[in-house]
Amino acid sequence: MEVSVMGSSQVNLGRNDLVCREVGNCSFTKSFNSNISSSSSSSSLKSSKLCIKLRSKSLGRFSLKASACSQPEPLISKNNRNTKTTDGVKLFVGLPLDAVSSTNTINHARAIAVGLKALKLLGVDGIELPVWWGVVEKETRGKYDWTGYLALAEMIQKLGLKLHVSLCFHASREAKIQLPEWVSQIGESDPSIFFKDQSGQHYKDSLSFAVTDVPVLDGKTPVQVYKEFCESFKTAFSPFMGSTITGISVGLGPEGELRYPSHHNPSKMDNHQGAGEFQCYDKYMLSSLKQCAESNGNPLWGLGGPHDAPGYYQPPMTSTFFKENEGSWETTYGNFFLSWYSEQLISHGSQLLSLASETFHDVPISICGKVPLVHSWYKTRSHPSELTAGFYNTVNRDGYVEVVEMFAKHSCQIILPGMDLSDNHQPNESLSSPELLVAQITSSCRKHGVEILGQNSTVANAPNGFEQIKKKLSSEKEMSLFTYQRMGADFFSPEHFPVFTQFVRSLNQPELDSDDQPTKQEERVASNHLQMQAA
């Protein structure tokens with residue numbers, strides 16, 4: 001087999017991992033820049049060709065050509081492998097969060113095109129694409145621009161890859177994508193459409209759950225606005241539905257997950273010092289809490305959240321509310337508040353899953369939503385991190401049964417992240433157990449017939465992460481799809497991508513003979529070229 005990657009440097013590389021490693025080095029710098037580096041000392045590469053011949057009995061001949069244009073040529077392949085575990089779990093890879101910029105153009109189009117071809121060559125089944133509300137419906141309610149996303153969908157379709165679309169109704173600080181401008185303007189005059197903590201700080205990256213069915217958006221409710229968004233998406237992407245697009249996930253809250261923003265900084269979600277704070281102080285949440293308290297005959301309970309709950313970074317066990325024995329969470333008041341708090345979360349999630357199911361009921365695709373893996377403090381009796389995030393899950397109560405029942409009611413699948421995390425690599429002081437939490441949620445899914453779609457946490461962050469993922473893929477019979485997050489500079493780095501390549505191959509455990517292995521000379525030539533590119 002001979003693989004030819006044609007670019008500005010006209011370099012030919014062979015074999016899957018060498019091709020993909022070259023794609024990563026050439027196309028993805030730390031800023032995910034698609035320019036291929038060049039210097040006067042290596043300018044001769046422009047007119048030379050480096051060929052590495054391969055012999056493979058499992059793959060046919062094909063040519064992989066990367067041009068400067070944003071649209072790749074179709075990949076022609078014979079007997080191309082689809083990577084599945086023995087249990088039939090399909091493997092997807094997520095595109096960068098900012099694959100489409102805030103100006104609705106493809107970011108680093110050439111790098112993405114080459115990266116997609118590398119993944120296709122490797123045998124990945126499909127791609128996950130985040131689609132942002134703040135990009136598509138940016139300036140005016142009801143005015144949609146799908147240009148950048150349609151271009152990416154066409155690019156993916158031409159390669160013969162499947163596509164899972166994530167509809168994101170939140171903002172992303174990491175991707176520097178805001179909520180629609182017209183929504184932010186409404187928030188300036190009525191900041192209570194956003195979550196608010198006890199100290200008065202607003203979280204402006206997603207709307208408060210208390211306004212989900214309140215007409216706060218130019219006379220319409222968020223549910224109505226989201227539904228119109230989904231209907232526009234369905235119309236615009238009709239040529240891809242059921243063929244290229246096989247699944248849609250609907251954003252359910254901060255970072256797209258079904259949870260409260262208990263930590264205003266998402267990177268602090270697994271902080272081993274604090275458990276976050278309750279987000280129930282905007283006027284709409286307080287109004288709902290007041291009505292619930294009065295209907296229960298205890299109006300004083302509706303004045304605010306627990307007064308004895310700790311701050312964001314205070315050890316939760318030092319507070320009266322979360323303490324292990326005789327904490328407020330175990331009192332009648334504690335049960336009242338935590339029940340109401342979680343009910344707001346589930347009501348919001350149910351409305352969004354319902355609108356998605358209704359909108360796409362006549363299209364042969366799966367609908368899903370993401371449930372976070374809030375595993376810090378799981379080994380305590382009160383599970384404080386889960387409680388502040390909205391999951392009434394304690395040693396005395398299974399808080400995920402109601403969540404899973406909600407997904408089952410709407411015939412939706414659950415995306416469950418953190419499949420790369422293991423208990424052995426968690427800080428002792430966090431009293432964390434991602435494995436036990438995964439087992440608990442999986443058990444509820446099994447009982448209610450809800451399918452799980454797995455994800456990792458972040459690229460190459462978890463020690464022995466790939467081994468843990470393989471362990472989960474082989475043991476969780478409810479999992480039909482795993483999405484590895486996410487393409488970018490770290491993903492295609494020399495430290496990560498070769499390991500990812502071996503992980504993908506191990507899912508199939510292909511039998512390779514000596515002819516399929518690169519020779520020492522091939523590896524040396526490729527290594528020298530990679531070093532020149534990195535210089």
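Numbering-wise (full-length UniProt numbering), the sequence shown opens with residue 1 and increments by one.
Ideal Cβ placement from N, Cα and C applies to all residues, glycine included.
Note that the structure is predicted; figures quoted are calculated from it, not measured.
Rounding to the nearest angstrom, what Cα-Cα distance links residue 296 and residue 198 in this structure? When the Cα atoms are used, residue 296 and residue 198 turn out to be separated by approximately 23 Å.
If you follow the alpha helix (DSSP H) that residue 146 is in, where does it begin and where does it stop? Run containing residue 146: none; DSSP gives neither H nor E here.
Taking buried to mean at least 16 other C-beta atoms within 10 Å of its own C-beta, is residue 375 buried or exposed? buried
DSSP on residue 95, reduced to helix/strand/coil? Coil.
Which full runs of the beta strand (DSSP E) of 3+ residues lie inside the region 218-251, going along the chain? Those beta strand (DSSP E) runs which fall completely within the region 218-251 and span 3+ residues are 245-250.
Identity of the residues DSSP links to residue 303 by a beta bridge: Its beta-bridge partners do not exist; DSSP assigns none.
Quick one: Cα of residue 441 to Cα of residue 467, how far? 21 Å
Could you tell me which residues DSSP pairs with residue 413 in its beta bridges? 368
Terminal residues of the beta strand (DSSP E) in which residue 455 lies: 452-455
Can you name the residues that DSSP bridges to residue 483? 92, 455
Which residues in the same chain as residue 425 place their Cβ atom closer than 8 Å to its Cβ, once the five residues preceding and following it in sequence are excluded? In chain order, 462, 463, 464 place their CB closer than 8 Å to the CB of residue 425, counting only its own chain and leaving out the 5 sequence neighbours on each side.
Any alpha helix (DSSP H) of 4 or more consecutive residues that is wholly inside the region 166-204: 181-189
With respect to the beta strand (DSSP E) encompassing residue 130, which residues constitute its N-terminal and C-terminal limits? 126-132
Same chain, Cβ closer than 7 Å to residue 361, five either side skipped, listed in chain order: none
Environment of residue 435 [buried if 16+ CB atoms lie within 10 Å]: buried
Which listed residue (475, 343, 123) has its alpha carbon closest to that of residue 292: With distances taken between Cα atoms, residue 292 lies closest to 343.
Of the residues 236, 329, 93, the one placed nearest residue 144, counting alpha carbons only: 236
Take residue 348 and list the residues in its own chain whose beta-carbon comes closer than 6 Å to its own, dropping the five residues that flank it on each side. 209, 212
Sheet register partners of residue 120 (DSSP bridge): Paired residues: none, contrary to the question.
Could you check whether residue 455 and residue 560 sit closer than 7 Å to each other, using their CB atoms as the reference points? Nothing in the structure corresponds to residue 560, since the chain is present only between 1 and 535.
Residue 174 to residue 290, Cα distance in whole Å? 36 Å
Helix, strand or coil for residue 425 per DSSP? helix
Among 386, 480, 470, 477, which has the Cα closest to the Cα of residue 500? Measuring from the Cα of residue 500, the nearest candidate turns out to be 470.
Residue 164, DSSP secondary structure in three states: strand
Below 7 Å between beta carbons: does that hold for residue 262 and residue 247? no
What is the DSSP secondary structure of residue 541, reduced to helix, strand or coil? The question about residue 541 has no answer here: the residues shown for the chain are numbered 1 through 535.
Can you name the start and end residues of the alpha helix (DSSP H) that residue 438 belongs to? 434-448
DSSP state of residue 500, grouped into three classes? helix
Suppose the cutoff is 7 Å on Cβ atoms and the five residues either side in sequence are ignored; what does the same chain contact list for residue 153 look like? Taking residue 153 as the centre and dropping the five residues before and after it, the same chain places the C-beta of 163, 237, 240, 244 closer than 7 Å to its C-beta, in chain order.
Tell me the rounded alpha-carbon separation between residue 129 and residue 249. 10 Å
Does the region 157-172 come close enough to the region 115-127 that 3 or more CB-CB pairs lie under 8 Å? yes
DSSP three-state assignment for residue 32, whether helix, strand or coil: Below a pLDDT of 50, predicted positions are generally treated as unreliable, and residue 32, at 39, falls in that range; the measurement from the model is reported next regardless. Coil.
Could you give the C-beta distance for residue 148 and residue 106, rounded to a whole number, given that I count them as a contact under 8 Å? 5 Å
Best match in 167, 182, 101 for proximity to residue 140 [C-alpha to C-alpha]: 182
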